[in-house]
Amino acid sequence: MSELNEAPSPADEEEVWSWGAGTDGQLGTSKLQDEHLPQLLSLTSLPSISMLACGGAHVIALTSGGKVFTWGRGNSGQLGHGDNLNTSLPKPLSFFDDDYFISQASAGWSHSAFVSDSGCLFTCGNGSFGQLGHGDNISLTSPAKVSYFVDKSVKMVACGMRHSLVLFAGNQVCGFGSGKRGQLGVSSDRTKSVNLPCVVSGLEGVEVVRVAASGDHSAAISANGELFTWGRGFCGSPDVQTPQCLPSSQSFREVALGWNHALLLTCNFHCGCISNFH
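Take 232 as the starting number for the sequence shown in my numbering and just add one per residue.
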């Protein structure tokens with residue numbers, strides 16, 4: 232639902248800090264308690280972190296070598312370790328081993344998704360709304376390859392509370408999972424849930440380069456810096472069922488979604504916030 236993606240410099244002293252709710256082990260400190268101040272994590276088991284993704288109460292970390300570590304709440308199998316147990320320290324995800332180099336990941340409220348450098352998509356965790364994309368509503372405790380994308384070269388995945396967005400070859404976007412607030416963007420009619428990937432409507436001819444998801448809303452950025460949003464409206468705004476382009480004189484390069492706001496980074500590296508989503 233939120234991500235940090237930055238390749239570390241070899242000269243930098245790498246540190247990871249966490250704070251906030253911690254009773255499910257999501258802070259990775261081994262203590263099952265909330266922390267009001269940043270806590271330094273031990274990185275002896277986390278070499279060269281390249282990306283962090285935070286979900287409802289779990290965390291995914293990727294290393295520069297394509298390895299995966301997860302920790303926190305595991306009640307729906309979202310940690311991918313083959314069980315439903317919580318873990319309070321970073322734990323290597325052995326499922327991928329040396330078979331796949333994981334280059335990007337995203338964490339939803341209780342599901343997880345992983346993209347390999349070969350363009351494969353894997354999901355695990357809560358599947359009760361179809362957010363895993365396997366054509367059913369079954370939860371999985373270990374990652375499983377999403378067959379729809381086997382020959383489609385996935386570039387990026389973004390997980391919301393109970394839905395997922397996937398950017399794949401041809402700059403197309405698919406959505407699956409809960410769609411009750413329009414967050415899938417697959418139809419102008421209200422869609423409750425979809426358990427197989429469906430192409431997002433309204434982005435035909437748009438060269439999408441980034442997707443984002445959080446809560447019950449979604450966003451995409453085009454190659455020429457346009458921002459598209461859809462799903463639940465903020466601050467009483469009406470829901471939007473298909474992507475709408477945000478009128479702006481600015482060109483955008485990044486978007487990050489929270490529960491009730493969005494942060495935008497322009498191509499001039501200016502940062503802005505919007506709370507009225509559509």
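Beta carbons are placed, not taken as given, at the ideal position from N, Cα and C, and that holds for glycine.
In angstroms, rounded to a whole number, what distance separates the CA positions of residue i and residue j?
{"i": "A487", "j": "I452", "result": "11 angstroms"}
{"i": "A292", "j": "E266", "result": "20 angstroms"}
{"i": "P469", "j": "G433", "result": "18 angstroms"}
{"i": "E245", "j": "S279", "result": "7 angstroms"}
{"i": "A242", "j": "S295", "result": "Low local confidence applies: a pLDDT of 44 at A242 is under 50, so the model's placement there is unreliable, and no value is given."}
{"i": "A454", "j": "V385", "result": "17 angstroms"}
{"i": "V417", "j": "L496", "result": "26 angstroms"}
{"i": "W340", "j": "G436", "result": "31 angstroms"}
{"i": "N315", "j": "M282", "result": "24 angstroms"}
Could you say which of the options lies nearest to residue i if we only look at CA atoms?
{"i": "A284", "options": "G303, G413, E266, Q270", "result": "G303"}
{"i": "S424", "options": "G433, A454, R393", "result": "R393"}
{"i": "F465", "options": "Q475, H448, S319", "result": "H448"}
{"i": "V377", "options": "G401, V346, S279", "result": "V346"}
{"i": "G410", "options": "A252, S359, G305", "result": "S359"}
{"i": "L371", "options": "G436, C390, Q309, G287", "result": "Q309"}
{"i": "N426", "options": "G361, A375, T294", "result": "G361"}
{"i": "G408", "options": "A400, C390, N402", "result": "C390"}
{"i": "N491", "options": "C498, C504, V404, M282", "result": "C504"}
Apply the 10 Å Cβ neighbour rule to residue i and answer buried if 16 or more other Cβ atoms are within range, or exposed otherwise.
{"i": "P428", "result": "buried"}
{"i": "G413", "result": "buried"}
{"i": "K298", "result": "buried"}
{"i": "A443", "result": "buried"}
{"i": "R229", "result": "In this structure the chain extends from 232 to 509, so residue 229 is not present and cannot be described."}
{"i": "V388", "result": "buried"}
{"i": "N289", "result": "The residue you asked about is not Asn; residue 289 is His in the sequence shown. Buried."}
{"i": "L272", "result": "buried"}
{"i": "F500", "result": "exposed"}
Since residue i and residue j should fall inside the 8 angstroms C-beta cutoff, what is the C-beta to C-beta distance between them, to a whole number of angstroms?
{"i": "P474", "j": "W461", "result": "5 angstroms"}
{"i": "H312", "j": "L324", "result": "7 angstroms"}
{"i": "A338", "j": "G286", "result": "3 angstroms"}
{"i": "N317", "j": "G256", "result": "5 angstroms"}
From the DSSP secondary-structure annotation, give me the bridge partner or partners of residue i.
{"i": "F327", "result": "In the DSSP output, where bridge partners are listed per residue, F327 has none listed."}
{"i": "W248", "result": "L271"}
{"i": "V385", "result": "F399"}
Within the present structure, is the beta-carbon of residue i separated from the nearest heavy atom of the ligand ATP by less than 7 angstroms?
{"i": "L488", "result": "In the structure on display, the ligand ATP does not appear, and there are no ligands present to speak of."}
Taking 8 angstroms as the CB-CB limit, is residue i close to chain B?
{"i": "H448", "result": "Among the chains in the structure shown there is no chain B, since it carries only a single protein chain."}
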